[in-house]
Amino acid sequence: MTHPADNTPPNGQNQDNGAGRRDFLGMVTTAGTVTGLAACAIPFVASLKPQDSAAAHQPVEIDLSKLAPGQQMTAVWQGKPIFILRRTPEDLARLQSPTLVNELRDAQSDALQQPTYARNWHRSLVPEYGVYVGICTHLGCVPAYTAPAAAPDQTGRYACPCHGSQFDLAGRVFKGAPAPYNLPVPPHVMPTPTTLRLGENPKGESFDFSTIEQI
């Protein structure tokens with residue numbers, strides 16, 4: 001549920017600053033509306049405020065049983081929004097399209113923005129589920145998800161509302177965008193077909209999230 005922000009300027013604020021604040025809040029409201037429309041059915045599954053620093057670094061277990069194909073949900077891990085997208089067979093086919101690949105800056109995931117087990121065309125452990133840190137690698141805004149059915153070209157993507165960077169449904173950044181890197185992929189494992197555990201690597205893997213190029 002979205003709570004309206006307090007738009008009342010502080011006492012003593014001058015008229016010019018008030019106008020600038022109103023312009024800024026107008027942009028925020030517009031961006032929030034777009035994001036809200038795209039995310040109206042997206043549940044948050046963890047608290048934005050961990051109880052303590054130790055808890056913040058514990059693995060987070062997510063139940064995926066109610067996540068339908070084509071839907072996204074958002075979790076929180078280490079204080080970061082984590083996008084979890086259940087991709088359809090059509091989504092997966094598009095991710096391998098030569099046309100799409102030619103539009104991407106780092107289609108082969110050469111930059112260290114993911115664990116080795118996610119350095120593949122779908123950038124995840126299991127192709128059906130995309131798992132990304134939902135923070136634009138330009139200046140840290142949160143991109144909005146647009147499902148394929150809602151996109152003019154019928155190709156889903158993530159779009160940053162701040163400076164226009166766009167990412168495909170594998171979190172790969174498009175050419176011509178200010179974002180220099182793909183969205184990071186956190187360590188994750190699936191102990192069951194409908195359970196995702198964030199912050200833990202599969203057995204035999206030792207990916208350290210702090211070693212990525214950029215968050």
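Take 1 as the starting number for the sequence shown in UniProt numbering and just add one per residue. Even for Gly, the Cβ is constructed at its ideal location relative to N, Cα and C.
Is it the case that the Cβ atoms of residue i and residue j are separated by a distance below 8 Å?
i	j	result
ARG94	THR155	yes
GLU200	PRO81	no
PRO187	PHE207	yes
HIS163	PRO180	no
ILE212	GLN108	no
PHE174	LEU85	no
MET190	LEU196	yes
PRO202	LEU125	yes
TYR117	GLU205	yes
ILE215	ILE135	yes
Per DSSP, residue i is paired with what?
i	result
THR192	THR195
VAL131	ILE84
ARG157	THR146
GLN108	Answer is none; GLN108 lacks a bridge partner.
PHE207	BP columns for PHE207 are empty, so no partner.
GLN166	ALA159
VAL173	PHE167
Alpha carbons only, please: which of the options is nearest the one belonging to residue i?
i	options	result
ARG123	HIS138, VAL142, LEU92	LEU92
PRO184	ALA111, SER165, VAL60, GLY176	ALA111
SER133	LEU196, ALA149, VAL76	Before going further, note that residue 133 is Val rather than Ser in the sequence given. Nearest option by C-alpha distance: VAL76.
PRO143	ALA149, PRO161, ALA151	PRO161
THR137	ALA150, ALA159, GLN72	ALA159
PRO115	VAL101, PRO191, ASN182	ASN182
PRO98	TYR117, GLY79, TRP121	TRP121
ARG157	GLN214, GLY70, THR194	GLY70
VAL131	GLY140, LEU139, ARG119	ARG119
VAL101	GLY171, PHE209, GLU128	GLY171
ASN145	PHE83, GLU61, TYR117, ASP153	The residue you asked about is not Asn; residue 145 is Tyr in the sequence shown. Looking at the Cα atoms, PHE83 is the closest of the given residues.
GLN72	PRO148, SER165, SER210	PRO148
PRO193	PRO127, PRO89, GLN78, ALA150	PRO127
So residue i is in the beta strand (DSSP E); what residue range does that whole segment cover?
i	result
VAL76	72 to 77
VAL101	Premise fails: VAL101 lies in the alpha helix (DSSP H), 98 to 101, not in any beta strand (DSSP E).
residue 216	Nothing can be reported for residue 216: it is not among the residues displayed for the chain, which extend from 1 to 215.
GLU61	60 to 63
Return yes when at least one heavy atom of the ligand ZN lies under 7 Å from the C-beta of residue i, else no.
i	result
VAL173	The model on display carries no ligand, and the ligand ZN is accordingly not part of it.
For the alpha helix (DSSP H) holding residue i, just list the boundary residues, first then last.
i	result
ARG94	89 to 95
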